[in-house]
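Trainee: Numbering (the working numbering), first residue to last: 10 to 217.
Cβ coordinates follow ideal geometry from the N, Cα and C atoms, glycine included.
Before anything else, here's the structure in question.
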Amino acid sequence: MDLPVIQADGNPSGTVAVDDAVFGVPFKEPLVHQVVTAYLAGGRAGTSAQKNRSQVRGGGRKPFRQKGTGSARAGTIRSPLWRGGGTIFAASTRSYAQKVNRKAYRVALRSILSELVRQERLRLCDAIELEEPRTRLLIALLRQLGVVDNRRILLITAEHHESLALACRNVVGVNACEVAHIDPVSLIDHDTVILTSAALKKLELSLQ
């Protein structure tokens with residue numbers, strides 16, 4: 010499969026042959042859903058915690074005698090029925106992590122990338138670089154690439170570019186990352202994904 014490549018000034022630079030095993034596979038929605046769910050679950054803190062009746066301090070003594078008071082019997086002041094008592098089904102710290110096989114994760118990434126190509130949301134660029142971390146330079150670059158009006162843009166480079174990363178922090182909806190740090194949620198969440206030629210080679214090599 011051949012995909013068009015553009016230069017940083019927006020002019021066409023020709024085409025490049027991409028691996029059909031990475032950019033030409035069917036979209037596997039159940040697998041993508043599983044991987045995305047697992048990825049989002051792994052980001053949950055899982056730190057919510059409450060105390061049940063055995064964890065609340067105090068309540069070792071019976072508050073009043075069993076019979077003769079007219080009140081309902083009680084064995085501890087830390088009963089969930091009492092103010093200051095424990096919680097019946099107390100939440101505890103837990104891990105929400107879900108295991109996803111490495112092979113399944115790679116298949117899901119290939120499926121997402123192929124769908125981006127079919128929806129014309131993936132663009133290839135020779136190189137994306139900024140001389141200095143300036144917002145105006147980034148806006149000018151996006152305007153030349155023809156994506157300045159898109160709501161969410163992801164710029165993927167082969168290596169980390171500090172100037173590009175700093176400039177993107179000041180523009181809402183524009184993010185930059187190196188190809189080694191891409192994830193399925195970021196690919197799906199952005200309207201346009203721009204991939205450099207160097208990042209393309211690394212991506213194909215990692216997903217083969």
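Looking at A58: is its Cβ nearer than 9 Å to the Cβ of S88?
Mentor: Indexing the sequence shown from 1 puts residue 58 at position 49. Indexing the sequence shown from 1 puts residue 88 at position 79. No.
Trainee: From the DSSP output, which residues share a beta bridge with T201?
Mentor: For the purposes of this step, residue 201 is identified with residue 192 of the sequence shown, where counting begins at 1. T201 is bridged to I162.
Trainee: Decide yes or no for the touch test of the segment 136-144 against the segment 42-52: beta carbon pairs closer than 8 Å, at least 3 of them.
Mentor: no
Trainee: My output table needs one value for R130: the three-state DSSP class, helix, strand or coil.
Mentor: In the sequence shown, counting from the first residue as 1, residue 130 sits at position 121. Three-state result, R130: coil.
Trainee: Identify the continuous alpha helix (DSSP H) that holds A47 and give its terminal residues.
Mentor: As a first step, residue 47 is located in the sequence shown; it is residue number 38 there, counting from the start. Counting along the chain, the alpha helix (DSSP H) containing A47 begins and ends at E38 to G51.
Trainee: Could you compute how far the alpha carbon of I121 sits from the alpha carbon of C186?
Mentor: As a first step, residue 121 is located in the sequence shown; it is residue number 112 there, counting from the start. As a first step, residue 186 is located in the sequence shown; it is residue number 177 there, counting from the start. Distance between the alpha carbons of I121 and C186 is about 17 Å.
Trainee: Taking S215 as part of the beta strand (DSSP E), name the residues at either end of that continuous run.
Mentor: Here the question's residue 215 lines up with position 206 in the sequence shown. Residue range S206 to L216 is occupied by the alpha helix (DSSP H) that includes S215, with no beta strand (DSSP E) assigned at that position.
Trainee: How about N184 and L164: do their beta carbons lie closer than 9 Å?
Mentor: In the sequence shown, counting from the first residue as 1, residue 184 sits at position 175. In the sequence shown, counting from the first residue as 1, residue 164 sits at position 155. Yes, they are a contact pair.
Trainee: DSSP three-state label for S195, please.
Mentor: Taking the first residue of the sequence shown as position 1, residue 195 is located at position 186. In this structure, S195 counts as helix in the three-state DSSP scheme.
Trainee: If you follow the alpha helix (DSSP H) that I148 is in, where does it begin and where does it stop?
Mentor: Counting from one through the sequence shown, the residue named residue 148 turns up at place 139. In the DSSP annotation of this structure, the continuous segment of the alpha helix (DSSP H) that includes I148 starts and ends at T144 to L154.
Trainee: Use the C-beta contact count for T24: other C-beta atoms within 10 angstroms, 16 or more gives buried, fewer gives exposed.
Mentor: For this step, residue 24 is matched to residue 15 along the sequence shown. By the 10 Å Cβ count, T24 comes out exposed.
Trainee: So for A113, helix, strand or coil by DSSP?
Mentor: Position 104 of the sequence shown, counted from the start, is the residue given in the question as residue 113. If DSSP states are grouped into helix, strand and coil, A113 belongs with the helices.
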